[in-house]
Amino acid sequence: GEDVEQSLFLSVREGDSSVINCTYTDSSSTYLYWYKQEPGAGLQLLTYIFSNMDMKQDQRLTVLLNKKDKHLSLRIADTQTGDSAIYFCAEISGGGSYIPTFGRGTSLIVHP
Amino acid sequence: DTAVSQTPKYLVTQMGNDKSIKCEQNLGHDTMYWYKQDSKKFLKIMFSYNNKELIINETVPNRFSPKSPDKAHLNLHINSLELGDSAVYFCASSQGTASEQFFGPGTRLTVL
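Protein chains in written order, with the numbering used here: chain B, 472 to 583; chain Y, 105 to 216.
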């Protein structure tokens, strides 16, 4: 089946930028998403990008998509302690099944 | 107003019991999902309903049976609970099958 890979942990200092990376295998991916999960809570959609875009900016968040390399990244500018959470990359295939595939999540730890 | 709600939030039960988790969404969405998140935070889709019809049925034991009485509700019934069923179960909804999903807060199921 299709696969979405993320590194498991990222540690940054407060005020620095964080970059969370994701790779996927489905070449027919149409939508790619970033979700945030805080401890004990459900997933919250942060942002998404269509496969025909290569960048999307939303306040402190910048999403970059390299479709050729099947690489997606989420950059968080001026990272705050409240950004500490697990970040999930997800993709939905355009192949007709519309089965969403999630990465295993990257735990972002922000320290003072 | 809660967009996607689940009950109960916590469920502790003995092996062999039958239990149900309820999900309701007030977003007017036509598609609802059940996900299982294991102890390693791996999130895997189990079922999806679109307009009350089952459209995604991933490889899960027959002991799991979803029921959608109407578009706003998708309940999950689990028979003969096993230790391995312990996980957090998330309900989600979306408008259409290829758009962003809104998640409920999760139900933490512990089977003793």
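Quick reminder that beta carbons are idealized off the backbone N, C-alpha and C, glycines included.
Quick caveat: nothing in here was measured; it's all calculated off a predicted structure.
Asked: Can you list, in chain order, the residues of its chain whose CB lies under 8 Å from that of Ser-498/B, leaving out five sequence neighbours each side?; Found: Lys-541
Asked: For Thr-501/B, decide whether its Cβ has a neighbour in chain Y, counting only Cβ atoms nearer than 8 Å.; Found: yes
Asked: Are the beta-carbon atoms belonging to Ser-197/Y and Met-150/Y less than 8 Å from one another?; Found: no
Asked: If the cut is a Cβ gap below 7 Å, which residues of chain Y does Ala-512/B touch?; Found: Pro-209
Asked: Tell me the rounded alpha-carbon separation between Ser-203/Y and Ala-561/B.; Found: 12 Å
Asked: With DSSP run on the structure shown, which of helix, strand or coil describes Thr-201/Y?; Found: coil
Asked: Would you report the Cα separation of Asp-490/B and Asn-523/B, rounded to the nearest angstrom?; Found: The displayed chain sequence assigns Val, not Asp, to residue 490/B. In a straight line, the C-alpha of Val-490/B is about 21 Å away from that of Asn-523/B.
Asked: Closer than 8 Å between beta carbons: that is the criterion. Which residues of the stretch 513-527 of chain B meet it against chain Y?; Found: Gly-513, Leu-514, Gln-515, Leu-516, Tyr-519
Asked: What do you get for Val-475/B, buried or exposed, if any count of 16 or more other CB atoms within 10 angstroms of its CB means buried?; Found: buried
Asked: How long is the line joining the alpha carbons of Thr-117/Y and Ile-182/Y, rounded to whole angstroms?; Found: 12 Å
Asked: In angstroms, rounded to a whole number, what distance separates the CA positions of Asn-537/B and Asp-554/B?; Found: 25 Å
Asked: What are the boundary residues of the beta strand (DSSP E) that includes Asp-529/B?; Found: 526-529
Asked: Measuring straight from C-alpha to C-alpha, what distance separates Ile-580/B and Lys-113/Y?; Found: 26 Å
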